[in-house]
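J.:
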Amino acid sequence: MDTQPTIEPSWLARPAPEVAPDLIGCTLVRQFEDGRVFRGLIVETEAYAPGDPACHGYRRLSDRNRHMFGAAGTTYVYQIYGIHHCLNIVTDEEGLPSAVLIRALQLDSIPPWVDRTREPKAHRVAAGPGKLCRILGIDRRLSGQTLYPGQPLSLEHRAPQWQLDLVQTTRIGISQGTDLPWRWYLDRCSAVSKP
DNA sequence: TCTAAGATGGCA
DNA sequence: GCCATCTTAGAA
2 MDTQPTIEPS WLARPAPEVA PDLIGCTLVR QFEDGRVFRG LIVETEAYAP
52 GDPACHGYRR LSDRNRHMFG AAGTTYVYQI YGIHHCLNIV TDEEGLPSAV
102 LIRALQLDSI PPWVDRTREP KAHRVAAGPG KLCRILGIDR RLSGQTLYPG
152 QPLSLEHRAP QWQLDLVQTT RIGISQGTDL PWRWYLDRCS AVSKP
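Residue numbering for the first sequence follows the numbering used here, starting at 2 and increasing by one per position.
1) At 3 residues or longer, what runs of the beta strand (DSSP E) sit wholly inside the segment 113-163?
2) Within a Cβ cutoff of 8 Å, which residues of the same chain sit near Arg65, ignoring the five residues on either side of it in sequence?
3) Determine the direct distance from the alpha carbon of Pro182 to that of Pro16, and round the result to whole angstroms.
4) What residue ranges within the segment 48-97 form continuous beta strand (DSSP E) runs of no fewer than 3 residues, ordered along the chain?
5) Measure the C-alpha to C-alpha separation of Trp114 and Thr46 and round it to an integer number of angstroms.
6) With H, G and I counted as helix, E and B as strand and the rest as coil, what does DSSP make of Leu24?
7) Flag this pair as touching only if the segment 13-30 and the segment 149-164 have three or more C-beta atom pairs under 8 Å; answer yes or no.
8) Starting from Val30, follow its DSSP beta bridges and name the residues at the other end.
9) If you check the beta carbons only, do Ala127 and Ile136 fall under 7 Å apart?
10) In the DSSP output, what is Thr46 paired with across the bridge?
11) Could you check how far apart the C-beta atoms of Ala100 and Tyr77 are, in whole angstroms? I think they sit under 8 Å.
12) DSSP state of Leu167, grouped into three classes?
13) For Asn89, which of Ile103, Tyr82, Leu97, Gly96 has the nearest alpha-carbon?
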């Protein structure tokens, strides 16, 4: 599949529940300092928005969540359970806590440092928000950065004529806001964290 | 200050 | 089903 145009910040400056399904089928590009590039097809997302009790910015801006209030087209990376990291694409207007959690990627190639005994199924090495961050070396140092080509992270549009088969359901792993149907994934995709 | 819980993942 | 591992929000 050919490389698609870069996603501009203005395209992400919409409410997260609008952007999240649109990001399915788009490509996340991870560029390392030595120039190596890995691409992952986004196959699962979740939206977090103002007024949503599961949103990290629901109560107030804090040291931990401040990047979630940033401008559309930047990143918000946080640590969870002391061990895992999760990557969000910040959306909507600056000043609003609004972001899309990237929950699973289908990688174009498996980085050589991946321990294959730990995940024998190659298509599942990035099936989960913590897994994809570990595989692609994403941690809080990449939080608050702008998504742009040449930067550590960037985004590309999906192929324009691609007819997506999307499933919309409720979000995973949260205890509040469980009724909101703000999770989307590519139907019948084996790289999704949970079908 | 103290403490419980967390947008998870791996293993028994 | 259990636990690693540690930061943070919210309570006291």
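Ideal Cβ positions, reconstructed from N, Cα and C, are used throughout, including at glycine.
T.: Per the coordinate set shown:
1) 154-157
2) For the purposes of this step, residue 65 is identified with residue 64 of the first sequence, where counting begins at 1. Closer than 8 Å at the Cβ level, and outside the excluded window around Arg65, lie His57, Tyr79.
3) Locating residue 16 in the first sequence gives position 15, where the first residue counts as 1. Locating residue 182 in the first sequence gives position 181, where the first residue counts as 1. When rounded, the distance between both Cα atoms is 14 Å.
4) 76-81, 85-91
5) Numbered from 1 along the first sequence, position 113 holds the residue referred to as residue 114. Numbered from 1 along the first sequence, position 45 holds the residue referred to as residue 46. Approximately 25 Å between the Cα atoms of the pair.
6) If you number the first sequence from 1, residue 24 lands on position 23. Three-state result, Leu24: helix.
7) yes
8) Counting from 1 along the first sequence, the entry for residue 30 is found at position 29. Answer is Arg40, Ser155.
9) Position 126 of the first sequence, counting from 1, holds the residue named residue 127. Position 135 of the first sequence, counting from 1, holds the residue named residue 136. Contact: yes.
10) In the first sequence, residue 46 corresponds to position 45, counting from 1. Looking at the DSSP assignment, Thr46 forms a beta bridge with Ile103, Trp185.
11) As a first step, residue 100 must be located in the first sequence, where it is residue number 99. As a first step, residue 77 must be located in the first sequence, where it is residue number 76. With a Cβ gap of about 5 Å, Ala100 and Tyr77 count as contacting.
12) Numbered from its first residue, the first sequence carries residue 167 at position 166. Strand, per DSSP.
13) For the purposes of this step, residue 89 is taken as the residue at position 88 of the first sequence. For Asn89, the nearest C-alpha among the options comes from Ile103.
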